[in-house]
Amino acid sequence: MLTTDKFARVMTVGTHGTTYGGNPLASAVAGQVLDIINTPDVLTGVKQRHDWFVERLQAINSKTGLFKEIRGLGLLIGCVLTEEFAGKAKLISQEAAKAGVMVLIAGANVVRFAPALIVSEEEVQTGLDRFALACDRVKSGVSS
């Protein structure tokens, strides 16, 4: 990051992030990507994929009771943990990794999904099968 000493002192690792960073080439590429994404075919596909995720996450939740809310827009989806599992988002993400699927966290109480906009139905099902195993392990108090 290019900045003055005054600001560099507070801009430590993890305090600031950027996707495009003002780089002209990256910004031009981002503009082209947005032109592709903002087409009816892609947007309809995102809605369909969102529905696949939410339906399956609701099924996982009906079995485990881990989430008090499943929220999101498009394919940025967050599962807010219940009070009983508050603070265990990192544990869930670690168990998911052991099961072979990567999930993100948004603080200590939200497990987050941010898949590719073109993720296949088979990939969603496989990933959520693995996520379900991780959720079962967390629910039962077993860590591998």
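No gaps in the numbering here: position 95 of the sequence shown is 124 in our numbering, and each next residue is one more. Note that the Cβ used here is the ideal one computed from N, Cα and C, for glycine as well. Given the structure is predicted, the values throughout are model-derived calculations rather than measurements.
Tell me whether residue i is buried or exposed, calling it buried when 16 or more other Cβ atoms sit within 10 Å of its Cβ.
{"i": "SER122", "result": "buried"}
{"i": "GLU124", "result": "buried"}
{"i": "ARG100", "result": "exposed"}
{"i": "ALA145", "result": "exposed"}
What residue from the options has the CA that sits closest to residue i's CA?
{"i": "GLU152", "options": "ARG78, THR44, PRO53", "result": "ARG78"}
{"i": "THR93", "options": "GLY103, PHE114, PHE36", "result": "PHE114"}
{"i": "LEU102", "options": "GLN87, PRO53, CYS164, LYS76", "result": "LYS76"}
{"i": "LEU162", "options": "MET131, ASN52, VAL42", "result": "MET131"}
Between the alpha carbons of residue i and residue j, how many angstroms are there, rounded?
{"i": "ASP64", "j": "VAL71", "result": "11 angstroms"}
{"i": "ASN90", "j": "VAL39", "result": "40 angstroms"}
{"i": "LYS119", "j": "ALA55", "result": "31 angstroms"}
{"i": "GLY74", "j": "LEU105", "result": "14 angstroms"}
{"i": "LEU133", "j": "VAL167", "result": "16 angstroms"}
{"i": "HIS45", "j": "VAL148", "result": "28 angstroms"}
{"i": "ALA126", "j": "CYS164", "result": "11 angstroms"}
{"i": "VAL140", "j": "PRO69", "result": "29 angstroms"}
Could you name the residues of the same chain whose beta carbon sits closer than 8 angstroms to that of residue i, not counting the 5 residues immediately before and after it, in chain order?
{"i": "LYS112", "result": "In the sequence as presented, Lys is not what sits at residue 112; that position holds Glu. Excluding sequence neighbours, GLU112 sits near LYS97."}
Determine the DSSP secondary structure at residue i, reduced to helix, strand or coil.
{"i": "LEU95", "result": "coil"}
{"i": "ILE147", "result": "coil"}
{"i": "ARG141", "result": "strand"}
{"i": "GLY156", "result": "helix"}
{"i": "VAL39", "result": "coil"}
Please go through the same chain and pick out, in chain order, the residues whose beta-carbon is closer than 6 angstroms to the beta-carbon of residue i, but skip the five residues on each side of it.
{"i": "ARG85", "result": "LEU157"}
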